[in-house]
Structures are given as C-alpha cells and as structure tokens.
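Asks:
2 protein chains.
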Amino acid sequence: MSALPALAELTNHQIRLASRPVGLPTRANWNNTCEPVVEPGRGGVLVKTLCLSLDPAMRGWMNEGKSYIAPVEIGAVMRAGGVGRVIASQNPAFAVGDHVSAGLDVQEYCLIPQEQLKRSGIFKIDPSLGLSTWLNVLGMPGMTGYFGLLDVGQPKPGETVVVSGAAGAVGQTVGQLAKLKGCRVVGIAGGQAKCDWVVKELGFDACIDYKNTDVRAGLKEHCPQGVDIYFDNVGGDILDMVLAKISRGARIIICGAISQYNNTTPVKGPANYLSLLVNRARMEGIVVFDYAERYPQAIAELASYLLAGSMKSKEDVVVGLDTFPETLLKLFNGENFGKLVLQVAPD
Amino acid sequence: MSALPALAELTNHQIRLASRPVGLPTRANWNNTCEPVVEPGRGGVLVKTLCLSLDPAMRGWMNEGKSYIAPVEIGAVMRAGGVGRVIASQNPAFAVGDHVSAGLDVQEYCLIPQEQLKRSGIFKIDPSLGLSTWLNVLGMPGMTGYFGLLDVGQPKPGETVVVSGAAGAVGQTVGQLAKLKGCRVVGIAGGQAKCDWVVKELGFDACIDYKNTDVRAGLKEHCPQGVDIYFDNVGGDILDMVLAKISRGARIIICGAISQYNNTTPVKGPANYLSLLVNRARMEGIVVFDYAERYPQAIAELASYLLAGSMKSKEDVVVGLDTFPETLLKLFNGENFGKLVLQVAPD
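As given, the protein sequences belong to chains A and B, one line each in that order. Here the first sequence is numbered in the numbering used here, starting from 1 and rising by one per residue. Here the second sequence is numbered in the numbering used here, starting from 348 and rising by one per residue.
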C-alpha cells in the first residue's frame, strides 16, 4: 500500500457530453462538472491527468448508433486517451509517481478500479521520451499509422505512398515510416507552413497544399508513376482525386474521413470507386484496437527511430481543460499544426 | 495444310462501332458492313462464329479513355468473345471442324493471323458440354466468378455470401460455387421469376427481388449474421445497402456496376464506404484477364461440377447477328434471364 496524498482536498473538474451535436460541436453540447476525488479501492489506481489526446475520431464517438466503439452516453465524461501520473495506488503494479498512458477521459483525475484496468489500456511509460510523444508517434495515432501502413498497406521499397492529413498525428507517422521503408512519400496538407514542415523537417519527397493549390495537378506532378498506397485520413474530394491516380494493385487504407465527420448532409461516397476495378486495387478499413497485442512491438520500433533521430514527433499543445470545446474544433478547421494535445496539468 | 472450302463465296457481315454512345447505345451508334472472307495466311486460322457473348463490360469498351482494356476504336468491328468452328486453317494446332473459343468480335467470320492467335485467347473446346456453356460458366463470366469469389473473396464454410445480378452469368457461377464451398448464399435479382429460379433450380438459400421488394428488409431477413462476402455486379444503391449490413472483416468484390454504365450523370459513389472502416472490411476490384494462366484449373473444376450435375449453366440465347444492337440492351434493362448469348449461326 502506498501513502495517499490529501485526496479529500482535490476537486476533479470534468467535461461531459450534454447533447449530441449536429454538425460542428458547440459549447452547448458540453457540461462542466466538479466532483470530489475518491481514493482507489483494492487493486485500483488514481491518475492525475497531465495531457489528453484530441482526435478526429472523437467526433464519431459523440454520435448515436453502432460503430467500432460504443458512443459516449449523454451525461458521461467525454472519452479521451491521455497520459498522467499515478497519485494513489492500491495495486502493486503501479506506484505513486509512475507515469502512465490510459483512457483517462476529459477530466483532471481518473479513478481506475481494478476491474477496469484492462479496459482502460493502462501501461507505464518512460516520460523521458516526452509525455506528449506518448499521445502521438508512440500513442494511438502512431499505432494507427504503423499497423495501417505496414499491415494493410504492405509497402515495398520504391513505391509511391500518398498520405492526407500529412502534418497531423497519423500522417506524420505514416510518412516518416514510409520513408524509412524506402518509399517515395507525397503528403497532402493544408497551408504552405505545414507542407514546408513535412518536406523540410520530416523528409517527405513532396507535399501538396490542398487549401491553396490544385490537388489533381499536384498528384500528377509528384506521382508520375501513379499512387501505390494511399493512406486516407480525410475522405471527400481528395479521396476521389487520388482514386483517379492509383496504380495497378494499389492499396487504399481507410483510416478516417475528417472532411465528412461534421456533415449535416449525407457522406459523399467516392464516385471514382470503380478505379478499384480498373486497377485491381483494394480499399480497406483499419481500427487500431485490433492490433493491441502488438503495440509493444510497434512502440519499440518507433521509439528506436525517435532515439536515433530518424523520426520526429510534433505536437500542438493547448493548455487548459476548460478550453476543450474550442480546442477540439482546431482539428476540423485544420488549425492544429502537429498532433493536437490538451495539457491539463504541467506535472 | 487442310482443305479450304469455297471461301470466296462467303460474305462476312459485321457490326462496327459508328460513334460513342451517350447513355444507352442506340442503332445510330452502329454500322453494318460486309466484307469478303479472306483465306488465312501461314499459321493463321479462319473461324466461323457460332455464338457471341454479350456482356455488361461491352458498354465500358465503347467509351473513350483509359480502362483495364483499350476502347473499341470508332469504325472497328465491335469486340466480343465467342465460340465458333474452324473452317480453314494454316496452323497444325487447329484443324478444320475444331470448335474453339476466342475473341471473334461481332461478325460472322473471324480471320486470326498467326501473330494474333495468342492475343485472341483462342483455345479448343469440347462442344459436348454445350457451346453456349463455354461463354457462361466455362467462359469469361465463369472465370470471373471463380477467381473473384475464391481468390479475392476467400469464402469460408458457414459464411454468408450475397451476390447481385444473381441470375446473370457471373452471378449464377458465384452463387452455385459459394454453395458448393459451404456458404449461405443470398442472391439479389430483378423479378420473381429470376428469384424463384436461383432458389429452386440453383439452390441459393434466398433471393431478394430488387424490383418489387425492399432490399434493406430482405438483407435484414436473410442475412441475420451480416454479410461476409458481397460479390457486386451492379453498384449504385444496392452496394450502399449491402455496405450497411457487412460483418466484421467482410470482403466486397467489385466486379462491375451495371447500374452506372449508362449514366449521363457522374457515377454514384458508395456513401456508406466508411462501413469498411467500422468493420475492418475491404473492397477490391477484379479483372479476369489477370488469371488467364489459371483458366484451365478453373475450367476443369467447373466442368466437373457441370458433369456431376451439381452446377447448372443457363443461357438466354437470341438468334441473329443483326439483332445485336437491341439484344445488347437486354442486359441494361434486366430482360435477359441467364447469360446473354447471341447465336450467329446454328452450326
């Protein structure tokens, strides 16, 4: 049993889902609540939230209806993965002071009872690699990029890989990893600054600015042999434009469709999907949770690249739990530059 | 050298592409021409056309632009596969009287010079299995169904397979083969007669009449465990409805999209494509020519089923080369019942 701090003095600020948004979420869709912090029972741990991962997938979790994961219930604390520090523990596997990654949700303190430890995905992390890195290249986005690119995409040296949301969390992992595997890599991102960064800092071969240039022309220029792998984070028109440029036997990894998540009209299906037939190509979805047993393998490989300096991890850190409703929107207007992280406490 | 008949007395009637259709092809898109029949040169063969295969893919060949095969040029004899009888030969591999399958095109006689033999795909057939069977289960549609279902779909016993165009050439092969592989098979076809036939004669577990019943309700009723494999010949709304019902790890084989071939508006993309993500499913295109080296294996297996009576091959035979323009349209209004075949000569 570890010594417990004066928990009774602590208040847990939380952000709960008040109603299901139509289109972009607004302040009215959220409720701020306060609760006293509770000591963990036998086998449980209490984690102080340091950083939370804000991801496009959150928008889907706010919708009613079946998906790859249950929706967040109305009135529940919003679901989020994060990193934190154990401040009370009744579990010998976790000591006070340990840094952990877990499903912490949008709140300052997360009590994880013994029976929910496995479901929370909790594991100890090495904070020297950078706390927010564990939400980015070494976190869910990194795992998504790693298994999506390698398992679903099966890249071969010399192939051309295109990735949308190139400066985002998944995109930066995919592009850098594809370069390390010997591919030619073309990103698609919004704005010159992001495009410059992925080319100059991350080593992509090219990056197309979809906000200010013609994506079709960019694909034609930078993918003269066609697109062998497209890692799609955005859907919509860009998916269609890439479909028109795929090569024979191409693989399209459907990771997300951020352009469609806040639609109030039906999702736009890819009109060029028959390019799959002409090119004997395939389009396949990935859900990262399916690879949970192999996360350690991916983390070890990606951490080795980070330590060797052959891979970078860039986060856009916004401070303050209360800014959550507005900060989340940065994902949907493309304002975030790097993986979007909400810092809830400095330490 | 075989004895040559009085070739000079024969006239070759042909149907040529006069212009590229917009929407459904009309008589105005075709030209009827006559040419004298020419003796084959060294290594060549002359084939009398008996039956031609009419297929939805023909509509695509009439369009300009790159696809998996070059378009038919304006003024050229329309491309078609067929079966015929060798009536003159300067090639020891083919004797007068041999029945063959080859790319014969829409004409009464096809001269195949030595240098085009391979490209024509010519091979000898056993007419006792039924001439038109060689354009159906033992022809391109059968090959498409065989490799699409088995190689791309990879069916496992007990899985639910849905196939659209169920009474058509590809559909009947796919459904019967899936039953033989131990799957539950649900067809989608137009009209009660076709639905009754695939259930009662071909042994499908169920068939949904898309013209007169609610396809969504039918899928719900007949696929209570979801759809593991969807073999898509039609595209459009039906593809979207099936996407909403796929199970985890589902495979969708994109073979064609007959509902979209005569569109004068853009192709309708599958709005429910994100079901691929939710269900970790894949959608993959097939072009049968890629499997040419393995046709003999497929033909041997399918012929054994036909001879054993465990598979049937149904053709809708229309007589007369000159009826080609109207007969082709039967495919697009769903009038054909079974694989559509144009009989050019009785023997």
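A virtual CB, placed ideally from N, CA and C, is assigned to each residue, including glycine. Note that the structure is a prediction, hence the values are computed from the model and not measured.
Between which two residues does the beta strand (DSSP E) holding residue 176/A run?
Replies: Not the beta strand (DSSP E): residue 176/A falls in the alpha helix (DSSP H), residues 169-180.
Asks: With distance defined between alpha-carbon atoms, name the residue in 9/A, 315/A, 23/A, 73/A nearest to residue 170/A.
Replies: 315/A
Asks: As an exercise, report each continuous beta strand (DSSP E) stretch of at least 3 residues that is fully enclosed by the stretch 372-433 of chain B, in chain order.
Replies: 377-383, 392-400
Asks: Select from the stretch 633-649 of chain B all residues with a C-beta closer than 9 angstroms to any C-beta belonging to chain A, and list them in chain order.
Replies: 633, 634, 637
Asks: Any idea what DSSP makes of residue 347/B, helix, strand or coil?
Replies: Beyond the ends of chain B as shown, which are 348 and 694, falls residue 347/B; an answer cannot be given.
Asks: May I have the straight-line CA-CA distance separating residue 474/B from residue 611/B, to the nearest angstrom?
Replies: 41 angstroms
Asks: Quick check: the Cα distance between residue 136/A and residue 499/B, rounded to an integer number of angstroms?
Replies: Between residue 136/A and residue 499/B, the C-alpha separation is close to 35 angstroms.
Asks: Taking 8 angstroms as the CB-CB cut-off, is residue 414/B touching chain A?
Replies: yes
Asks: Do you know offhand how far residue 618/B's Cα is from residue 532/B's?
Replies: Using only the alpha carbons, I get a separation of about 25 angstroms.
Asks: May I have the straight-line CA-CA distance separating residue 28/A from residue 624/B, to the nearest angstrom?
Replies: 30 angstroms
Asks: Along chain B, in chain order, which residues have C-beta atoms closer than 8 angstroms to that of residue 254/A?
Replies: In chain order, 620, 621, 623, 624 make up the part of chain B whose C-beta sits under 8 angstroms from the C-beta of residue 254/A.
Asks: Taking contact to mean at least 3 C-beta pairs separated by less than 8 angstroms, is the stretch 525-543 of chain B in contact with the stretch 597-606 of chain B?
Replies: no
Asks: In angstroms with no decimal places, state the Cα-to-Cα distance between residue 536/B and residue 81/A.
Replies: 47 angstroms
Asks: Would you kindly check if the distance between the Cβ of residue 215/A and the Cβ of residue 227/A is under 8 angstroms?
Replies: no
Asks: Who are the near neighbours of residue 341/B in its chain, counting only those whose CB is closer than 7 angstroms to its CB and skipping five residues on each side?
Replies: Coverage of chain B is limited to positions 348 through 694, which leaves residue 341/B absent and any answer about it impossible.
Asks: Shortest alpha-carbon distance to residue 284/A belongs to which of 149/A, 309/A, 142/A?
Replies: Of 149/A, 309/A, 142/A, the residue nearest in Cα terms is 149/A.
Asks: Using a threshold of 8 angstroms, state whether the C-beta atoms of residue 16/A and residue 30/A are closer than that.
Replies: yes
Asks: CA-CA distance, residue 607/B and residue 684/B?
Replies: About 20 angstroms.
Asks: Can you tell me whether residue 602/B is buried or exposed, with buried defined as 16 or more other CB within 10 angstroms of its CB?
Replies: buried
Asks: Give me the residue from 693/B, 688/B, 582/B with the minimum Cα distance to residue 400/B.
Replies: Residue 688/B is the option with its Cα nearest to residue 400/B.
Asks: Is there at least one Cβ from chain A nearer than 8 angstroms to residue 614/B's Cβ?
Replies: yes
Asks: Does the pairing of the stretch 459-471 of chain B with the stretch 381-399 of chain B give three or more beta-carbon distances under 8 angstroms?
Replies: yes
Asks: Determine the contact status of residue 436/B and residue 449/B, defining contact as a CB-CB distance below 8 angstroms.
Replies: no
Asks: Around the Cβ of residue 426/B, are there at least 16 other Cβ atoms within 10 angstroms (buried) or fewer (exposed)?
Replies: The residue in question, residue 426/B, is buried, as its Cβ has 16 or more Cβ neighbours within 10 Å.
Asks: Hey, does residue 617/B have any beta-carbon neighbour from chain A nearer than 8 angstroms?
Replies: Among the residues facing chain A, residue 617/B is included, as its CB has a counterpart in that chain under 8 angstroms away.
Asks: Confirm, please, whether the CB-CB distance from residue 456/B to residue 392/B is below 8 angstroms.
Replies: no
Asks: Who are the Cβ neighbours of residue 696/B in its own chain at under 6 angstroms, not counting the five residues just before and after it?
Replies: As shown, chain B starts at 348 and ends at 694. That puts residue 696/B outside it, with no answer to give.
Asks: Measure the alpha-carbon distance for residue 525/B versus residue 551/B and round it to whole angstroms.
Replies: 9 angstroms
Asks: Using the beta-carbon count (16 or more within 10 Å), is residue 492/B buried or exposed?
Replies: buried
Asks: Smallest Cα separation from residue 212/A: which of 191/A, 218/A, 262/A?
Replies: 191/A
Asks: By the three-class DSSP mapping on this structure, what secondary structure does residue 311/A have?
Replies: In the structure shown, the three-state DSSP call for residue 311/A is coil.
Asks: Using DSSP's beta-bridge definition, name the partner residues of residue 232/A.
Replies: 254/A
Asks: Kindly list, in the order they appear in chain A, the residues whose Cβ is closer than 9 angstroms to that of residue 455/B.
Replies: Going along chain A, no residue has its Cβ under 9 angstroms from residue 455/B, so there is no contact; the nearest lies around 32 angstroms.
Asks: Mind listing the chain A neighbours of residue 655/B? Cutoff is C-beta to C-beta under 8 angstroms, in chain order.
Replies: By Cβ distance, chain A contributes nothing, its closest Cβ being about 32 angstroms from residue 655/B, past 8 angstroms.
Asks: Excluding sequence positions up to five away, which residues of its chain have a Cβ less than 6 angstroms from the Cβ of residue 354/B?
Replies: 384, 386
Asks: Would residue 630/B count as contacting chain A if we go by Cβ distances under 8 angstroms?
Replies: yes
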